[in-house]
Structure formats: structure tokens, C-alpha cells
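Enquirer: Read top to bottom, the protein sequences are chains A and B. Basically the working numbering = 1-based index in the first sequence + 611. No gaps in the numbering here: position 324 of the second sequence is 323 in the working numbering, and each next residue is one more. Sharing a structure below in C-alpha cells format, with a few things to ask.
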Amino acid sequence: MSEEVKNPNYWKSLGELARNEEYEKFVEREFPENATELNDEVSRRSFLRVMGASIALAGFAACRRPVQKILPYSDMPEEVTPGKPLFYASAMPFQDALTGIVVENHEGRPTKIEGNELHPASRGNTSIFGQAAILNMYDPDRSRYVRKDGERSSVNAFTDFCGDHFSDTAQNIAFVSEANSSPTYNRLKDQALARFSNARWITYEPFGEDNALEGTNIAFGQRLRTFNQFDSADVIVAFDDDFLNPAAAKNSEENTRRFTDGRHIESPEDGMSRFYAIESTFSITGSNADNRLRIKSSDIEPFIYALAAELSDSVSGLSAFSGISNKYSDHEWIPVLAEELLENRENSILTVGREHKPSLHAAVAAMNLALGNAGQTVSYHQVPHLDENNSREALVNLTEDLNAGRIDTVVLVGTNPAFTAPADLNFADALSGAGQVIHLSDYYDETSSLAQWHLNRAHFLEAWGDGSSYTGTRSVIQPQIEPLYSGISEIEFLNTILTGEQRDGYELVRETWQSYYTSDFESGWKQALHDGVAAEEEFPTVSVTLSDNFSSAAGDFATGSEASEGMELVIRPDSTVFDGRFANNGWLQELPKPMTKITWDNVALMSKKTADQLDVTAAGLGEAEVEVVAITVDGTTVEMPAWVQPGHADNSITITVGYGREGIGRVANKTGVDTYPLRTTSNMLYASDISVEKTGKTYEIACTQDHNTMEGRSLLRHATLQEYRDDPNFSSYESSYNAEMPGVAYAEETTGDSDPLSIFDAIDEQEYPADEPQWGMSIDLNACTGCGVCTIACTAENNIPVIGKREVSRGREMHWIRNDRYFDGDVNNPKALHQPVPCMHCELAPCEQVCPVAATTHSDDGMNQMTYNRCIGTRYCANNCPYKVRRFNFFNYTKEFLTEGDDPEIVQMAMNPEVTIRFRGVMEKCTYCVQRVNRAKIETKIETDGETKKPADGSVETACQQACPADAIYFGDLTDPESEVVKTKKNNRNYLLLEELNTRPRTSYLSKIRNPNPKLA
Amino acid sequence: MSTDYQYVPEPKLVKGDHTFGSITDLIAKTPLSPTPKLWYLAFGLANILLIVLLGAIGYLIWDGTGIWGLNNPAGWGWAIINFVWWVGIGHAGTLISAILFLFRQGWRTAINRFAEAMTIFAVMCAGIFPAIHVGRIWVIYWVFPIPNQMAAWPNFSSPLLWDVFAVSTYFTVSLLFWYVGLIPDLATLRDKAKSKVAKISYGIAALGWTGSFRNWWNYEKAYMILAGLATPLVLSVHTIVSFDFAVSVIPGWHSTIFPPYFVAGAIYSGFAMVLTLMLIARKIYGLEDIMNIDIMEKMNLVMMITGNLVAFAYLMEGFVAWYSGYIYEQGIFWLYVVGPYAWGFWILMFCNVVTPQFLWFKNIRRNVAITFVISIIVNIGMWFERFMISVASLSTDFMPSAWDYYSPSFWDIATYIGTFGLFFTFFLLFLRFLPMVAIAEVKGVMPQADPHNYDGETNEFDPSKTEPVVVQQEQTV
């Protein structure tokens, strides 16, 4: 057996001793009289009650029933063919960056979001937030009506109020808004500031790019947006920057695509970039690093200065750092990094996490400039809509003024500071100091309940809007459906405040866009709507020079940067619910977090060593109960479950925000722990010298992957670039196990065929019709970053139900494609590897063999198909699946997901009508998106007058493939020798999972290559 | 001429000074006398458990298989464990009646009726599980090859389908065999019954048995044929049940040793169950003369042999795991021993490997109390054997990322306990209304039945007596 198995402490991860207790708890939970289930808001039943549910509070008079409005066509619109989806280009705003999308629309209801190929931030791909946005729109818990002092009111009443209230233009008004790149929005913003003489505008995002802008201001004297072109760099150094994670970077899709482009390898001759990550939390970005150093977040600062000092001898512009000596000056990484960076001048990127201090951003910007990267691999952009001043300081000032009673009216646009603002500001209390508080938001949330006026916001799929991508490409946001709950968009809201009149968002956007087209507005506008992209333009690039004050500033902050040695707490946005805004999204809640595979909760992450110090034990196989720790920062204590994260920095604990909400919706409420109370203006990223104690309590966590090591099995094959060059066939079975594939020698001897023999000759000789395409997939593990978008894209495409925390913790997750995350190496400092696992569509499928009723069989085009109608649910197929990709409907998940509550039609509308809803008691699994395949086959047959039913290569994409920003998934026809998938399968890195079982999977993998620096190995 | 051999008298199979008449009275008195209070108590308890079973099944059908502790890697849990366990128990009866009959083992007559009844009820308990464990029980009939307009046939290459045929055939043949054997005794009860209801009921069930030579002739032939039919079934049923596992690709399942190992295990557990029940029944019903210590010792010997066969199979699993060089087989064996279910493995080792070793000692084999304890331990061990095979192998197979831990739910346990309700409900009805020992067959192994060597004075078998016994009675054919 492998080493890991012999080491019993952690990796085996078995808590046999607790078995009896656990068992008792399982028994206990079956009894309703114990009522644990009833209290638990996310138990299966309550959850399902929730998901489909509507709001009893909601009035029905104003509640539109879009199903009734849309479904029966008494008068058929011209372009609609029932059953045939239409696709419209639009864009998805996330903070102040827009991603181009294409929305699949079935008879007037949007069902799926795809990336827009023409949009530079998307290139056809989306992030997890993009995929989940559909469910956000169909969320029955969204606020459904206007409230005045908590009572139901109307938009008209609000309009009247505005006409009256805002006639006093001299009052002190504070606008607090989310970051928004919309030209229309910013036009209205400028108008508002002009009209109201005593108005101020604060753009508050709990996780934004303020510090980065401030950093460029220090370095270059201008607030500039940094854009890293990871594909053009040979050396990338990231300091605590999780730039591949949509929760940590606004343009994560583009970053992912560029990052993986720079590491794409087809043969041993190809090169790839080398990526160094220095971070505290084990992030997905860090898991893709060639060399990773785990240090506390508070140590990032001295580390950067030590590196700058090392570089200052060789390059000009860093003299401010020369002579700095701190605890990292003698670190083994410093000279190695300096050497690499100096060798790769103009060809490297340094980047630092956006929540780090401005001084660090300034230092990194100065290093990029000094190394010649600025203008080459790193560009700096002037972004017109960004505020002139630091918005976080402005929020502090606003709070002071509110407390002093100096503010008459507060207008909050979308943002939720009562929940997200730094805890020491007590923003919720401060709001009561304002005369009028007006709040536009998706949910009747923490801030709404403090406002005199609450307006329900329209989702971006429901309203007109516009905006710019991270780099400045403008797009129009087209509504896909009438607002379900008659919400209004931000621009309509602002316009009403400004003018006291209602105006349609369409007119407002068109008015803004008139200025972009000097002639022939209509055709330009139509083109922009059609393409989803106005024109590929960028925010103006600035050729930067070091600010004159930089040296003195840098000298100041570089001294006294010694970090404390005590325990630190790092506070980050959550990788699935972000700052809390996606907390009511069941798909995101149920998406396993990329590095921990935890669903439905936030936890306190710590290294094995730190956990040992705190006497916290890791959860064992199948153990749902984990220990709870109490974290105290400046007198505020939060209790939350502890989770051992191998590879986390020692003496450091990471928590995420966005959980523990109240009164939002029945998914978000009481899910997880609210950690914002620990985040203060001085602790925006980390707090030093905190105290952590074990409480002795336990908490149930639903984790989808209990075992973290491969047990020495070559499931995920990987090598360094050097090893690949030495042995290009390292991915083969022979190289992996140093043994011959069983049966091959005998097969060659007897049949001359090198395929292993099968005892099932009849199946072995199954003939596939020549006129049928033969589908196959390959997954490039070198590209996969482990973000999980494939899972959520599949959920959206294939109507996979949300089953709730209790069911997930019982190990019944329904995802058709899961993302395995293995740790490799030392428990304290392992490497992490990601492997998406869908159905392998084995040619000799073990599942087909054992089904007593032949409910799973092979199609002529080589797919392993599941016939739901025929399935009686013996689960034998799932047992016999070596890859464990089959999912069983233990309960009537879908029905409960879609029919509970008094307004279930809303969630039903999010379902894809092309995919069957599965009933209780049947098995399901990845279908290779057979509905897409068949649509393409039919279309091809029609287009070629029946000549062929083999779609052209690239014309059919599976949902996971389409969404993947790393383009890690290839899918196509194996009978087409020119197809991309065939090319990948001919690559010497191609291998089959559990090849020795002779299942002959149609899905294969391309092994992972790392390019570590041998000096740091 | 001097003889170099000597007659060694075998212990009498029926102890005590019994005549044909006293045997008939001893056995027939239970069905024909009024119901004892204790029986009502036991039957009530069994009925309560039966209601638990029906309730658990009802809720299962109402709410779905999710009420059990199943999860993604472990698609089969207690239901399949219980199925295999009960089927295994159901092996003893037919083995005793058919195979031992063909081998002319006279001692089988003391327990064959009893064991066969147990078999039938155990198979009934077993048969419940594959039916209810499916996700959509309302279409369970699709496993039968029923011609239909869509020409949708079951998948004949699926071991689950083989199970359907194997278990249903076994049940049918066992039931027929049992019933055929009952006929002469039912006629005896008919003749001895005083109440009209009993007379008519037993009369109908006795199919007009007159005890004529032709009746006996037909009966013996039928019994022989059924024994011949049942014999291969004893071996085939558990072989096919083992195919459920052995035909799959899962490490810990995919093993050629499974068929003989399962059959040995089944006989082992079946004999243990017969012993458990027999040791209680002989005491309560005063059948110590028939179900005597010699019989118990013979059964203990069978248990010792099959128990050691099973232990050998465990050993071979370890050896094969090592010798094959197959990392997944090695992985699962290692996980059995030290993994998450190691506690189950060591319980199994104690119950099934250590316990039968006590049976090497004659004193223990002949000790009722110790035998009773061992018989229970063996069945606990055999349950854990199926637990390890089903659950441990499934939970930790090829892909460590998919590993999970299986724990039963309340309903798993309720269903299992409920099957005892079903079993004992039927078994108590059997004890109450049917002759629990094959009267006619027991008489056949008594010395009196020997036409040549019976010494009427000593009531012993005497080989020196070669004269046919003169029966002072006119032989009529």
C-alpha cells in the first residue's frame, strides 16, 4: 500500500470511535419528534419547501404570472418555433465588470446563460456566477413589491414621493451604490451630483479594487485599473491573489483563459509559463501554481518588500526598497524569484490580492514597471466611471456624518451595507440618523428593513442596461423577460429620483448610446444588440511612470513592516456566495467549494499543524460533525466550524463571509455563520493576534469529498515539464504503474490486436453504424483550474435538482460532473490536483451489464444512455460503476424542488424543457448533453438534405465544455479524424481513467504538467 | 471362521423408550391440544414486529429509498445484507432434507421438517428485500420476462435477473418438497383430530392420503425426485446470489472464490439458525428424545467444517489480494482490516473464524448452552460478513474521491427487525398447527422400522438377529 495509507493520523481520516454517536444521531434525525429537522432550515424538507416556494407575504394583485402571459400564443410571434430555443446576446454585470452572455430562451423564458464568443471578457465562457444567475432571477424569495415603512406600496407612490422629496436640491444626500460600469448609470450619477448641490456618491463594495487603485495612485500618481495578460508572461508571481476565482477577480474568466493559454502544451517541445503563488489560504489559483509558498497573509507585506529589495540592486526604480531587511530577506525564495524575474524582464507579471494594502499594490506596480512588464504583460487603464477618492474612507466619513445627523437622505442602490459594512462602523445604527433612507435591492434584506422606502430591483435578465467589461468593452444588457415581480432597474430608479418621473430603461439606455454613434444610430444600436458587443474598445491605456513621491512614500511604508507572529485571521469573500449576494441561490449553495468540497456552509480553515495546536481534529470519512471553534477579534467572538485545509499557512485561519443571513430567503436564512462582525475597517483582509479556542461543540458539515488522497493510484496523472520531456509517454499505464497492462500481451499474441480482450465477445464486436457519429470527450487536466463551473453549467442545463444540506451530508449529491480534488504530498504542504469526472461513456460499460431491466444501454452513436422510464432503481449500475458517476433519486427531489410552495411555477420556469425531469427512484447521470447532440444531428441532417447526420466539428458543445473558461473540455465526433477531440486523444498525454478495467471509456484525460523551479523543489 | 470385524452399535437416533405410537403422540399432541398461553405471548410479539415491518415498508414505498442510510458509493446497504443473510439461513433446510436424504443420513429426520419450515420462512423474509429495495417498486414486475407490446425484455446478462429466477425456483421447490413431506403426517393429524374444523382442514391438506402401499410408493418416488431436484438448487441459489457480487467489477466483489465460499457460509449460518431454534423448541415442546444431543453434535460438526471453509476463504481473499498484485484488491483488503469498517471486520473474524474453532472439542459440541451461544454468534458473524462485502467494498472502491461512509438509518434497522416478525409469525403458526417433526420419517429410522434386525425385547437394533420379524398381522396390499 501507499505511504498515505500507512500513516493513520490524518489521511486515513477515520473516526471509528465516534461511530456509535454518529449512528445515534442518524437515528435521531429520522424522528420528527426530535424536531432537529424542523429547526434546521436547510434540511431536505424545509429546503424543498423553500425552493419552490413563494412568499406568503406577497400580494397577489401585483404578482404577474409570466407563465400565463407567455405560454399560449394566440398570436404567434414571427420568429418563434415552439420547441426551438432562441438565443439573445446580452451581458451580465458583476460589480463594475460586464461579461458578455448569450441567453437561451424557450418560448419567452430564459433558461440558460452561455458566454458570448464575441465578447473579450467571455469568449464564450462564463463563471459560476454567470451560470447561476438564471436561478437568481427565478428566485421566488426576491423582493416582490415596493415597501414604504415596511408596508406595501407602489412604484407610483414612490414616484410621487420623489417628485416631492427631491424638489429640495440643497439637502444633504448621500448615494451609496454598488460598483457599476454602466454609462447610463454613470450619466445619471453625474446628473444627480450636478443637480443636488450637497450630494455625495459612495461606491461601496465589501470586496472591491479600492486598494489596487490606491496603489497605482501611490506608484504612478493616477488611479488606474491593472490588467494582467497572463498568456503573454513566462513568469507569474501572485501574492495572495486568487485571480482565477470569480469571487476574487472581476475578470476571472478572462484571467483563466489567458492563464491556461500561457500553459497550453501539445508536445514536449512546447513551453509553458511558470507560476509562483505565495499565499495563506489554499486557493484554486494557488492549487494551479508550479511552486507554492504558504505564508500568512500578514507576511505578504514583508515578503514583497524583501523581494523588492533584492530586485533593487539590479533594476532601477526600486531604490526606495534597497537596504530593507526583514525576516524574509534571507528566505530561499527571494533570490530564486529575483533571478527568474530578472531573466524574464518584460515577460513576467507580479500581482497582489486586491484586498491587500495600497502600499503593497504600489510596490508590486513599481516592480512591474521596473522589470519592464508595464505596457508589455501588465497594462494600466484609465477607467472613467471610477470614483476620484477612496470609497472606503468615504464610507467612514459618511458614517460619522450620519451619526452626527448631518445627512438628510440616504439613497442606497443595490448595496447592502447594513450587512456588509465593516463592523466597527455600526452602519445599521448610523442609518437611523438619516432623515430618509431609500433602498433599491433584490431582496428585502438587512438594509431594506432599515429604510423608509424599499424598492425591489429588476434582475439584469429583466431590464435594460449597459456597461463595460473589465477592460472597457461596452455592451447593452437586453431584458429576456418582463420583470417577474415588477422590479425596476438601477437606472430607472435613479431617473425617478432625479426627475420625479418614471421612464423606461430602454429610453434611458438609448439616450446614452446616442452619443456613441455619430451617424446611423439605429443600425449601430441594432448591431450592438445583436452581437452583444458594441465594438472591441478598451479603456484608455496609460503609459505609466513612477510618481515623484513614490520613493518617499515607499520608504515610509516599507519600514516597520514586520508582521506579528501570533495567530492571524484572514477574511475573504466566499467562493460560491461571494459577499452574501448569492446566498439565496441553491445551485451555488450546493456547488462544492473548489478547495474544501464543502457545501452550504462557511468554515474556519486552518492547517493541520494549527489544528493540532488548537486540538481540533479533522473530519473523518463520512463524518458530518466537525468541531466548532470560537474566534475572537477585538472582543467580538464568532463561533464557527473548524476545517482542516491541508496547505493552509500555519498560525493563520481563513474564514469567508456572506453566510448566516436572516430574513433573506429560505435558502440563505440560517445557513452558515455571519462573519462580518469580525471584519472591521482595520481588518479588511486580516486581523493579527486573534484568539481561537475550541468550544467542544460540533456542527454538521456537508462535504462531498471525504477522502483527499489518491492512495497511490494513478487516477490523476501528472508530471513536471522536465519529466514530460524525459518521458513523453509518462501518462501511459505502463509508465504509471511500471507494469504492463493486464491482458495486452495475451491479446496481441492471440489476435494481433493490442486492445485488451473481453470475455463478452458479442459486445466486444459491437458494430457502430458507419453513418453515425461516435462521440468522445477529453478533459485537459493541465487546463482545468478546478473552479467548478462545469458542475453548475451541467446543473443548469440538465435540470439537476437542489437537494439541500442534509441530503448532501448523507452523500447523495446529484451533480452529474463532479470535480475531484486530491492532495498530493506532505499533509501540511501538499499539492492540490483537480479532476472533473463525468460519466466516462464506457464502450464496455459495467453498468449496462448488470441492469436487470436493460434500462441503461448503448446508443448507435456510442453513448451510454439512461432510459429513465425503464429504470426500476436497483442501483446495481451505480454500484458497478468504477467511476461512481451515477446519481440516484433517493427521494422525489425534482418534484419537491419544483412543486413545493404556493408559487412553484417560478422555479419551474428555470428548467430546460429539452431535458426530462427525473422521478423518484430512478438513476441518472451525465448524458453527454444528448439533447444538444441530437439537436445538432437533426439540424445537420436537415441542412445536408439527409446526406449525413454527423455534425461539423465544434458545432455541438456540451454544457460543461461550453462554460469552461479554461477550455479544458473537448467533445466531438471520433469518426472525424480532423476533429479537435481526436487530436487530443492522439496526444501522448492522453490516458484513460482506470484503463486496466477494460471499460474503454469514451472520455479520456490529458495529464497535468507542472513547471516547477527545480531550485525550489 | 473367525470374524475380523465387529458390529459397533450406532447410538440410537431416537432416545428414550419410544414406540411408534409414543412418537406419534409426542409430536401430534402439539397441533391437537389447546393453544398454550405462552404461544399467544410469543405470537403477539412476533405480530408486533410484523407490523413494524409492514410500517417500515409502507413508509419506504411512500417516501422513497432515501429513508434508508444509502448514499452515493453505497447503493446497497442493509436491504441487500439482510437478503443475502436470510437466503443463507434458508440453505439449511433443503440441504438437510434433500442432500442428507440422498446420502441416507438418518439423523436428518429429527430436524428436517423443522429446518425446511425455517428455510421457507427465511426465503420469504429474504425475498422481501430485493423487491422493496428498488426505487420504483410499482414496476418491479419488469424483471420478469413478460411478453409485451414494446418487446422490452429483461437483461438476461444481469445477475440480479438470475437472482429472480434462482430464488423463486428455490422457494417453489422448497415449498413443494416441504409440503410433499407433510402429507402423511397431515393425514395422521386428520385421523387423530377431534374437532371438526381440524379434521376438515387437515383432511383437505392431506390430499386424501390413505396410507396405502400405492400412496407410500408414490410418495417415496415423489420425495426422491424432489430431493434430486432440490439438491442442485441448494448449491445454485447461493452461487447465484454470490454472482450479484462476483460478476461486478468492484474490488472485494469481483472474486471467483465467491460461489463456494457463499455456499459454505450459507450452510454454516443455516445450521446455526436451525440449532438456535431447535434448542429452544426441544426444551419447550419436550422433544429432547428426538432432537437429542447426538443430533446437535452432528450439526456442530457440519458447522465446524463449513465455518472453517469460510475462514479459509477469508484467508484466500488476503492471499489473492497479495498474490494478484492488483492494487485495488489489495486496497480493499487493507481497508477491511484497518479501514473505516475495520470494527466490522474484526467482529466478523471473531464470530466466524475464532468461534468455530471451539467446535473441535467434543465437550463443547455436546454442550447445549455453549452450542446455543455459538449458534447465535455465528449468525451475527455471517451478518457482518455480508455487511463487509456489501457496504465496505462499495464505500471504498476505485476512486478515493467518491469514498463515503455508510450508516444505517432507523428504517434500515426497523425493516431488519421487522423481518423477524414475519419469520416468527409464520414459524409460530408452523409450530402450533403442523407437526414439527416428520413423524413418518422418524419412525423410519427407529429400530422398530427394521424388518430384519429388530430385537423386540430390548427394543434395540440387533444385527445378530437375522430372522424377519413376524408381524402377527395379515399383510394386505
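No residue lacks a Cβ here, since even glycine has one placed at the ideal position from N, Cα and C. Quantities reported herein were computed from a predicted structural model and do not represent experimental measurements.
1. Do F818 of chain A and E999 of chain A have their C-beta atoms closer together than 8 Å?
2. Starting from D1431 of chain A, find everything on chain B with Cβ-Cβ shorter than 7 Å and list it in chain order.
3. Assign M223 of chain B to buried or exposed, taking buried as 16 or more other Cβ atoms, counted over all protein chains shown, within 10 Å of its Cβ.
4. Does N1547 of chain A have its Cβ less than 8 Å from a Cβ in chain B?
5. Could you check what DSSP says for T710 of chain A in three-state terms: helix, strand or coil?
6. Since R364 of chain B meets chain A, which of its residues come closer than 7 Å, beta carbon to beta carbon?
7. Given that A391 of chain B touches chain A, what residues does it touch there, using C-beta distances under 9 Å?
8. Do G897 of chain A and P1205 of chain A come within 8 Å of each other at the CB atom, strictly closer than that value?
9. Can you confirm whether the stretch 861-870 of chain A touches the stretch 1002-1020 of chain A when touching is taken to mean that 3 or more C-beta pairs between the two stretches lie within less than 8 Å?
10. Within the continuous alpha helix (DSSP H) that includes S200 of chain B, where are the two ends?
11. Just to confirm, are N902 of chain A and P1623 of chain A a CB contact at a threshold of 8 Å?
12. Going along the chain, which unbroken runs of the beta strand (DSSP E) with 3 or more residues stay wholly within the stretch 772-825 of chain A?
13. Do you know how far the Cα of R1068 of chain A is from the Cα of S754 of chain A?
14. Do L101 of chain B and T168 of chain B count as a contact pair if the criterion is CB distance below 8 Å?
15. Exposed or buried, Q1572 of chain A, counting other C-beta atoms within 10 Å across all chains shown (16 or more means buried)?
16. So T1320 of chain A contacts chain B; which residues on that side make the cut at Cβ distance below 8 Å?
17. Along chain A, in chain order, which residues have C-beta atoms closer than 9 Å to that of W106 of chain B?
18. So with CB distances below 9 Å, who are the chain B contacts of Y1487 of chain A?
19. Just confirm the distance between the C-beta atoms of M149 of chain B and S268 of chain B, as a whole number of angstroms; I'd bet it's less than 8 Å.
20. A981 of chain A CB to nearest chain B CB: under 8 Å?
21. Please list the terminal residues of the continuous beta strand (DSSP E) segment that includes K723 of chain A.
22. DSSP three-state label for L74 of chain B, please.
23. Closest to I906 of chain A by C-alpha separation, out of A:F850, A:A919, A:A790, would be which residue?
24. Using a C-beta cutoff of 8 Å, does K1495 of chain A count as contacting chain B?
25. Between which two residues does the alpha helix (DSSP H) holding Y260 of chain B run?
26. Just to make sure I have the definition right: I need the residues of chain B whose C-beta is within less than 8 Å of the C-beta of N1500 of chain A. Which are they?
27. Where does I1312 of chain A fall in DSSP's three states?
28. Name the DSSP bridge partner or partners of E1179 of chain A?
29. Would you mind working out which of A:G1044, A:F1168, A:G1271, A:M1451 sits nearest A1062 of chain A, comparing C-alpha positions?
30. Who are the Cβ neighbours of F432 of chain B in its own chain at under 6 Å, not counting the five residues just before and after it?
31. Can you round the beta-carbon distance between Q1091 of chain A and Y699 of chain A to whole angstroms, since I take them to be within the 8 Å contact cut?
32. Just list the alpha helix (DSSP H) runs in the stretch 931-980 of chain A, keeping only unbroken ones of 4 residues or longer that don't cross its boundaries, in chain order.
33. From this set, B:G227, B:L188, B:M117, B:F244, which residue's C-alpha is nearest C1492 of chain A's C-alpha?
34. Taking Cβ positions only, does R660 of chain A come closer than 8 Å to chain B?
35. With 9 Å as the limit, tell me which residues of the stretch 1220-1254 of chain A have their beta carbon closer than that to any beta carbon of chain B; keep them in chain order.
36. Check whether the stretch 41-56 of chain B touches the stretch 89-97 of chain B, counting contact only when three or more Cβ pairs, one atom from each stretch, lie closer than 8 Å.
Expert: Let me lay it out:
1. Result no, Cβ atoms of F818 of chain A and E999 of chain A do not sit closer than 8 Å.
2. S400
3. exposed
4. The question names Asn, but residue 1547 of chain A in the sequence shown is Ala. Cβ-Cβ to chain B under 8 Å: no for A1547 of chain A.
5. For T710 of chain A, the secondary structure class from DSSP, reduced to helix, strand or coil, is strand.
6. None at all; the shortest Cβ gap to chain A is about 35 Å.
7. What A391 of chain B touches in chain A: nothing, since even the nearest Cβ is about 11 Å away.
8. no
9. no
10. Unbroken alpha helix (DSSP H) run through S200 of chain B: 195-204.
11. yes
12. 784-788, 810-814
13. 8 Å
14. no
15. buried
16. P399
17. One finds nothing in chain A with a Cβ atom closer than 9 Å to the Cβ of W106 of chain B; even the nearest lies about 41 Å away.
18. G74, W75, S157, P158, L159, D243, S247
19. Contact doesn't hold; Cβ gap of about 41 Å is too wide.
20. no
21. 720-726
22. The question names Leu, but residue 74 of chain B is Gly in the sequence shown. Correct three-state label for G74 of chain B: coil.
23. Out of A:F850, A:A919, A:A790, the CA that lies nearest to the CA of I906 of chain A is found in A:F850.
24. yes
25. For Y260 of chain B, the enclosing alpha helix (DSSP H) stretches over residues 257-283.
26. Neighbours of N1500 of chain A across chain B, judged by C-beta separation under 8 Å: G63, G134.
27. coil
28. A:S1263
29. A:G1044
30. P30
31. 6 Å
32. Taking 4 residues as the shortest admissible run, the stretch 931-980 of chain A contains the following complete alpha helix (DSSP H) segments, listed from N- to C-terminal end: 944-954.
33. B:F244
34. Reliability fails at R660 of chain A, whose pLDDT of 43 lies under 50, so the model's placement of it is uncertain and the value that follows must be treated cautiously. No - not a single Cβ of chain B is within 8 Å of the one on R660 of chain A.
35. For chain B, the residues of the stretch 1220-1254 of chain A that bring a beta carbon within less than 9 Å of one of its beta carbons are G1231, L1232, G1233, E1234, in chain order.
36. Contact between the stretch 41-56 of chain B and the stretch 89-97 of chain B is absent, because fewer than three Cβ pairs lie under 8 Å.
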